[in-house]
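**Student:** My questions all concern the structure below.
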Amino acid sequence: MAKSSFWQKVIDIDRRWIYLVIGIVTFVPILKYIGMPVAVTSEVKAVYDMIESLPPGSIVMVPMEFDPATAAELEPMSRAVLRHCFSRNLKVISTAFMIDGVVLIERDLREIAAEYGKEYGQDYVYLGYKPYMQIVLLNMGENFRKPFPRDYYGARLDELPMMFGVNNYSNISCIVNINATSGADYWINYASGRYGAKLALGVTAVMATDYYAFLQSGQIFGLIGGLKGAAEYEKLIGRNKDVANRSMDAVSVAHVFIILFIVIGNIAFFVTGRQKRL
Amino acid sequence: MAFQYFVPHYLSAAIYQNALNWTIIIGIFTLVVGIGSLISLHYDKIARRKEHWPYSVVTMVALALMTVIGLWSPDAIQNPRGLFMHLYFFVLAPVTATMFALLAFFIASAAYRAFRARTVLATLLLLSAVIVMLGRVPIGEYMTGWLPEGLRFSDIARFILDYPNTAAKRAIYIGVGLGVAATSLKIILGVERTWLGGGQ
Amino acid sequence: MQEVTFGTVLWMTSAAFLTICIFSFLYRDNPLYRFAEHLVVGVSAGYWIAILYHTSLTDLWIEPLGASISAFGQPGGSFVAKFGALVLNILPGLIGLLMFSRFFAKTSWISRWPIAFYLGVSAGVALPLFLQSFVVRQVAANMVNPADIFGTMAADLTILFNYGNSTLLFWQGFGELIIVVGCICGLAYFYFSAEHKGIMGGAAKVGIWILMIGFGATFGYTVMSRISLLIGRFNYLISWVSAIGDFLRI
Amino acid sequence: MVRTPKKRLPHLFLSTFLLFSVSIAQENIAIDKPDSAFQFRYEMLAPAPGPPGDIAAKDFPNDPGEAVLVTWSNAPGDNDVFHTVDAYLIYRSDNPDSGFVLLSRIPGGSNSYSDSDTSLVNGHQYYYKVASRYAQDTLFSAVSGAATPSAQLFHTQRVVVLALMLAFSGFALFFIFHAKRGKTMYVRPIAGINAVDEAIGRATEMGRPILFVPGLGDPSQVATIAAFTVLARVARRVAEYQTRIIVPNYDPVVMAICQEVVKEAYTAEGRADAYNERDVYFVTQDQFPYTASVNGTMLRERPATNFYMGKFYAESLILSETGFVAGSIQIAGTDELVQIPFFVAACDYTLMGEELYAASAYLSQEPQQLGTIKAQDIGKLIAIALMVIGAIVYLFSPQAGAMLSAFVQGG
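Structural data, given as structure tokens:
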């Protein structure tokens, strides 16, 4: 009887204890880095391989669509991809179709370019934001100058040395779209589907399940999913101590605890004789 | 508009573009109506000194401040050092991100409560969730790294994501697609009139 | 690194304070949360007014309208064309203004017109688009060669029996089979105009099983996203503490 | 002991290629990119540079008439092994003999370019040539035949969608008019629908309000439209039982419609005076501030029942967990795939995907609503039939099957 009432208490536990445990197990590993091994999956490797295979000077487009709310997941990923491009002396064109993220993305681009001593206009170009992205994507298939006569800083595209002769997707070796929104569909339908650009996606872990189908159908050549994907990419470019890898510890531990909760909940449920309906 | 999809001609593209722009403009006018409703609600609370009315003052002041700053200067939304963007980055953004982060806690408590092996269906839900969770984090590799390929958590998780998950999605997508088509059709034909308040 | 000024620290502190306000909701509803909630509703509504004004209203309406009015002052071009352009630019604004009739109870029925226009256009756009990507594409993806599927499975089993090791291709074939059969069963579950019994009932049952496995997978996959967001907030709080430290040292 | 995961060849993945095309698979397995150490020797084996061949230019198909599609065959050495071609240079002129202008430089490995320069004139003739650029040489191809950009009136790759749309419209109309003439149609009862009335009754007993959240969708989305129908039903009951309904809104147009719906419901019950427009209000068009506000409302107003109907995104679980804490009965309905699991986990009843549309038709009991449900079911049968036909065609001839599948897929 005593045992049963203990399990009954477990079932009726105040949810705030669960919150507390999750808070603690997420916070502690951030402070203390353990370094769990991260296995690289084929879909992330595909993106890495593609960029690795491009000759220096090729142009990669890295459109980024995320805002401060989703930056926690996607910022590490975009930083890893940008680092890879710049370290291989590739040129980068970037856009931001989420208005809340325009400034955030500008900062990321500027900081990482500076890390590698890259110059604006010569090695990378930031086009910024325009509303109605589906129309912009279609127009970019014709000419970047159509939706973006000027770049984010107000310079005419023709004034930027890097943009000479660069008209539309066909001048781009590949697109790595880092996206927190369903706008990724437009990239698939228009940039890849209609204009045949080679497209890879970096998306949040939630979205990743949706986009596996496109990977199978060959509409995208690679997929980086969530913080885990970012950690894999960091590992591929040899930056094991960056933020995504460091966070993997906390992610792992939190997962284990959630599963523990589920297991304990089920034990309690069976011991108390399943009477409790929830 | 439905037929525009099949007609790539430039005239058709222009009509399409115009109609879309119009809906956006109408949407903006409606936003003013929405803001009117927000103001009226909070004004009412303040005027009648309802419970928690001081908080309504906070809303009204914040709304007025943000609108004035935002409309006053033409580059308010572009200048990263302006007050408008500062309010965005240090007031709106953290609250947004933190609300989102609350999910980490809620997902744990929901899993604890709901994932009980009560029925076959509940058990399937539970098992597939647990396997996918383990398959996506490094710790799953620790636990099953010794197994041959194909039997590890990550492989099973991948199998579930690639196949049953895709099947479920397709079934729902086809249903949703047909549903959308049917409803659009009803609107075009004027059969669907719920939006008029249910009146015939 | 960015230099830490008093202003930065102040703004960062406000963000950290609001972060903590929202987290306090986990304990229970309290004045801190209520403050943050009401503040952010106001700020956000104001933010959207400004954003939509600057990005959409000016670009899409005010500027083209201005241009079509000033076109009358310029030489060349037929009057009819100019007038047509003007009307085209004024109309959406007029329709939008009809929405304001909602402010007065007696005239509020007029606002149904803009709503009707809005719905009509959207519905027209949605009809073929959804049929294409949600129905036709998905059906096409499901049109696979059964001979391939069973062939793969059989070939793998042969290897397994003869050599004792598997190429795992059996599971792939099996998976493809699950997609096709699972999808059909899922559709059976959503078949509303017949009772679920007999074959239909069986298929529907399998359908709901597949749906549940799919849902479980989505749930499991989502956990990581959400934990990442929490980590992001914790990282922010840590950077705030260290920014204060830097500032005090300077 | 730390076990470092071995570099694994992703079996399942690789074999996908095997299944569909032997040739593609061979390329993937047999040709590995050479290590950089071998790169030098490797390139010595590369074929001598040459110009691109088979140059052709034609009007870009299925477009509004602003582009020309230029195609060519890859120059020697531009393949998966050697990559010796740096880039292709595209030139254009309106005279086949002279006046060629450099248009664009595109990376090696490609064999087509869509020229959609804004200076292209519809109906005008253009000539193209392409040069392959190697480390040392730049070699020009022959001049293409004349191409004339023009606009098309019909998108040829969308035949199936058009056919389906017309057929579907036909069925829907048939069943709607059938239904209007009084023929009753069976719609299977859906769990959760009965719960709607129950939940309203409970709210009345407890004397607490009902919270109806119409989601984040805009009014053109079907989930939102279905939500209006459910709201109409709920509001009528609320008016009848004299409880209170609170509807916080995200989209101002949705708000306007919800106000109409609720007002109409009160009027229909003869209680127009009891309708309070401030209970159907706008919060803000921003996901999480909206969620924060609805959360607060839940804990302060303590509604007996929460309805979540329409489009929901990440806020689904934030709302429904808070609702659980507040002790409300919760009924959810959404077609947003990713969010269904969370509603299933946290709510008492969940209408999944199409169930939401069916529920709204069921609740309205209007013949035209039920008629379209029937048409949707026919649509599902057509979908299944197509899949089966596809499988049968494949069995007889794999080529025909692949062609059929590609035809249905369209562009």
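Residue numbers (the working numbering), protein chains in the order written: chain A, 1 to 278; chain B, 279 to 478; chain C, 479 to 728; chain D, 729 to 1139.
Cβ coordinates follow ideal geometry from the N, Cα and C atoms, glycine included.
Per DSSP, what kind of secondary structure is D:Arg861 in: helix, strand or coil?
**Tutor:** Taking the fourth sequence and counting its residues from 1, the one referred to as residue 861 of chain D is at position 133. Three-state DSSP puts D:Arg861 in a strand.
**Student:** Considering only residues of the segment 58-94 of chain A, which uninterrupted alpha helix (DSSP H) runs meet the minimum length of 4 residues and lie entirely inside it, listed in chain order?
**Tutor:** Segments of the alpha helix (DSSP H) lying fully in the segment 58-94 of chain A: 68-87.
**Student:** When the distance is taken between beta carbons, is B:Leu456 closer than 7 Å to D:Gln1097?
**Tutor:** Here residue 1097 of chain D refers to the residue found at position 369 when the fourth sequence is read from its first residue. Here residue 456 of chain B refers to the residue found at position 178 when the second sequence is read from its first residue. In this structure, B:Leu456 does not lie closer than 7 Å to D:Gln1097 by Cβ.
**Student:** Can you pull the chain B residues whose beta carbon is under 8 Å from the beta carbon of C:Pro592, in chain order?
**Tutor:** Taking the third sequence and counting its residues from 1, the one referred to as residue 592 of chain C is at position 114. Residues of chain B passing the Cβ test: Ile304, Phe307 and Thr308.
**Student:** Can you find a CB in chain D that lies within less than 7 Å of the CB of A:Asn245?
**Tutor:** Counted from its first residue, the first sequence places residue 245 of chain A at position 245. False, the Cβ-Cβ gap to chain D never drops below 7 Å.
**Student:** Taking D:Ala874 as the reference, which of D:Arg1030, D:Trp800 and D:Pro824 has the closest Cα?
**Tutor:** Numbered from 1 along the fourth sequence, position 146 holds the residue referred to as residue 874 of chain D. Nearest C-alpha to D:Ala874: D:Pro824.
**Student:** With 7 Å set as the bound, which would you pick, yes or no: does the beta-carbon of B:Val241 sit closer than that to a beta-carbon of chain D?
**Tutor:** Residue 241 of chain B falls outside the range modelled here, since chain B spans only 279 to 478, and no answer is possible.
**Student:** According to DSSP, which residues form a beta bridge with C:Gln552?
**Tutor:** Here residue 552 of chain C is taken as the residue at index 74 of the third sequence, counted from 1. Answer by DSSP bridge pairing: none, since C:Gln552 is not bridged.
**Student:** With a threshold of 8 Å, are at least 3 pairs of Cβ atoms found where one atom belongs to the segment 616-627 of chain C and the other to the segment 1081-1098 of chain D?
**Tutor:** Output reads no: the segment 1081-1098 of chain D does not touch the segment 616-627 of chain C.
**Student:** Assuming contact is defined by CB atoms lying nearer than 7 Å, are D:Ser840 and D:Ile783 in contact in what I supplied?
**Tutor:** On the fourth sequence, position 112 is the one that residue 840 of chain D refers to. On the fourth sequence, position 55 is the one that residue 783 of chain D refers to. Against a cut-off of 7 Å, the Cβ pair of D:Ile783 and D:Ser840 comes out as no contact.
**Student:** What's the C-alpha gap between C:Ala514 and B:Thr337?
**Tutor:** On the third sequence, position 36 is the one that residue 514 of chain C refers to. On the second sequence, position 59 is the one that residue 337 of chain B refers to. Their backbone Cα atoms lie some 10 Å apart in a straight line.
**Student:** For A:Tyr116 and A:Glu52, what's the separation of their Cα atoms in angstroms?
**Tutor:** Mapped onto the first sequence, residue 116 of chain A falls at position 116. Mapped onto the first sequence, residue 52 of chain A falls at position 52. For A:Tyr116 and A:Glu52, the distance between alpha carbons rounds to 17 Å.
**Student:** Taking 7 Å as the CB-CB limit, is B:Leu467 close to chain C?
**Tutor:** Sequence index remark: in the second sequence, residue 467 of chain B carries index 189 (1-based). No - not a single Cβ of chain C is within 7 Å of the one on B:Leu467.
**Student:** Does the beta-carbon distance from C:Tyr668 to B:Gly360 come in below 7 Å?
**Tutor:** By 1-based counting over the third sequence, the position of residue 668 of chain C is 190. By 1-based counting over the second sequence, the position of residue 360 of chain B is 82. Here residue 668 of chain C is Phe; the residue named in the question, Tyr, does not match the sequence. Not closer than 7 Å, so no.
**Student:** For a quick check, are the C-beta atoms of B:Thr444 and C:Ile657 less than 7 Å apart?
**Tutor:** Against the second sequence, residue 444 of chain B aligns to sequence position 166. Against the third sequence, residue 657 of chain C aligns to sequence position 179. It is a contact, given that the beta carbons lie within the stated cut-off.
**Student:** Looking only at its own chain, which residues have a Cβ that is under 6 Å from the Cβ of C:Leu564, when we skip the five neighbours before and after it?
**Tutor:** For the purposes of this step, residue 564 of chain C is taken as the residue at position 86 of the third sequence. So the list reads Ser546, once near-sequence residues are dropped.
**Student:** To the nearest angstrom, how far is the alpha carbon of D:Phe1016 from that of D:Ile834?
**Tutor:** Working through the fourth sequence from its first residue, we reach residue 1016 of chain D at position 288. Working through the fourth sequence from its first residue, we reach residue 834 of chain D at position 106. Straight-line Cα distance between these residues: approximately 43 Å.
**Student:** For a contact meaning CB atoms closer than 9 Å, what does B:Leu316 contact in chain D?
**Tutor:** The count along the second sequence starts at 1 and reaches residue 316 of chain B at position 38. Chain D residues near B:Leu316: Tyr1009, Phe1010, Val1011 and Thr1012.
**Student:** Report buried or exposed for A:Lys32, applying the criterion of at least 16 other Cβ atoms within 10 angstroms of its Cβ.
**Tutor:** Position 32 of the first sequence, counted from the first residue, corresponds to residue 32 of chain A. A:Lys32 should be labelled exposed.
**Student:** Beta-carbon of D:Ser751 versus every beta-carbon of chain C: anything under 7 Å?
**Tutor:** The sequence position of residue 751 of chain D within the fourth sequence is 23, counting from 1. The pLDDT assigned to D:Ser751 is 33, lower than 50, so where the model puts this residue is not dependable; a value taken from the coordinates is nonetheless given after this. It does not; no Cβ of chain C falls within 7 Å.
**Student:** Does C:Arg512 get closer than 7 Å to chain B when you measure Cβ to Cβ?
**Tutor:** Residue 512 of chain C sits at position 34 when you count from the first residue of the third sequence. Judged by the 7 Å Cβ criterion, C:Arg512 is in contact with chain B.
**Student:** Mind checking which residues open and close the beta strand (DSSP E) that includes D:Arg820?
**Tutor:** If you number the fourth sequence from 1, residue 820 of chain D lands on position 92. Counting along the chain, the beta strand (DSSP E) containing D:Arg820 begins and ends at Ala815 to Ser821.
**Student:** With distances taken between CB atoms, is the gap from A:Leu201 to A:Ile172 smaller than 7 Å?
**Tutor:** The sequence position of residue 201 of chain A within the first sequence is 201, counting from 1. The sequence position of residue 172 of chain A within the first sequence is 172, counting from 1. Not a contact, by the Cβ cut-off of 7 Å.
**Student:** Note the first and the last residue of the continuous beta strand (DSSP E) segment covering D:Val829.
**Tutor:** The sequence position of residue 829 of chain D within the fourth sequence is 101, counting from 1. D:Val829 -> beta strand (DSSP E) spans Val829 to Pro835.
**Student:** Across the segment 505-519 of chain C and the segment 997-1008 of chain D, are there enough close Cβ pairs to call them in contact, namely three or more that are closer than 8 Å?
**Tutor:** Cβ pair count under 8 Å is below three, so no.
**Student:** What residues match up with A:Asn177 in a beta bridge as DSSP calls it?
**Tutor:** The residue labelled residue 177 of chain A in the question sits at position 177 within the first sequence. A:Asn177 pairs with A:Leu201.
**Student:** Output the distance between the C-alpha atoms of D:Val1121 and B:Leu309, rounded to the nearest integer angstrom.
**Tutor:** The residue you call residue 1121 of chain D lines up with position 393 of the fourth sequence. The residue you call residue 309 of chain B lines up with position 31 of the second sequence. The alpha-carbon atoms of D:Val1121 and B:Leu309 are separated by roughly 53 Å.
**Student:** Going along the chain, which residues of its own chain have a beta-carbon closer than 7 Å to the beta-carbon of D:Ala927, five neighbours each way excluded?
**Tutor:** Along the fourth sequence, read from residue 1 onward, the residue named residue 927 of chain D stands at position 199. Cβ within range, chain order: Thr1033, Ile1057 and Ile1059.
**Student:** To the nearest angstrom, how far is the alpha carbon of C:Val558 from that of C:Pro542?
**Tutor:** Translated into positions along the third sequence, residue 558 of chain C becomes position 80. Translated into positions along the third sequence, residue 542 of chain C becomes position 64. So the two alpha carbons sit approximately 17 Å from each other.
**Student:** Does the beta carbon of C:His516 sit closer than 7 Å to a beta carbon anywhere in chain B?
**Tutor:** Residue numbering aside, residue 516 of chain C sits at position 38 when the third sequence is read from its first letter. At least one chain B Cβ lies under 7 Å of C:His516.
**Student:** Name the chain D residues whose beta carbon is nearer than 7 Å to that of C:Glu673?
**Tutor:** Residue 673 of chain C sits at position 195 when you count from the first residue of the third sequence. The contacting residues are Arg916.
**Student:** Closest to A:Asp100 by CA distance: which of D:Asp1014, D:Lys1108, D:Gly1081 and D:Lys1039 is it?
**Tutor:** As a working note, residue 100 of chain A is residue 100 in the first sequence. Of the candidates D:Asp1014, D:Lys1108, D:Gly1081 and D:Lys1039, the one whose C-alpha sits nearest the C-alpha of A:Asp100 is D:Asp1014.
**Student:** With a threshold of 7 Å between beta-carbons, can A:Ser42 be considered close to chain B, or not?
**Tutor:** Working through the first sequence from its first residue, we reach residue 42 of chain A at position 42. By this cut-off, A:Ser42 is not an interface position.
**Student:** Could you tell me the boundaries of the alpha helix (DSSP H) in which D:Trp800 lies?
**Tutor:** In the fourth sequence, the residue the question calls residue 800 of chain D occupies position 72. Note, D:Trp800: premise wrong, no alpha helix (DSSP H); beta strand (DSSP E) at Val796 to Ser801.
**Student:** Check whether the Cβ of D:Pro779 lies closer than 6 Å to any heavy atom of the ligand ZN, and answer yes or no.
**Tutor:** With respect to small molecules bound, the structure shown includes none, and the ligand ZN cannot be examined in it.
**Student:** For D:Ala1008, write down the residues that DSSP places opposite it in a beta bridge.
**Tutor:** Locating residue 1008 of chain D in the fourth sequence gives position 280, counting from the first residue. Looking at the sequence shown, residue 1008 of chain D is not Ala but Val. Per DSSP, D:Val975.
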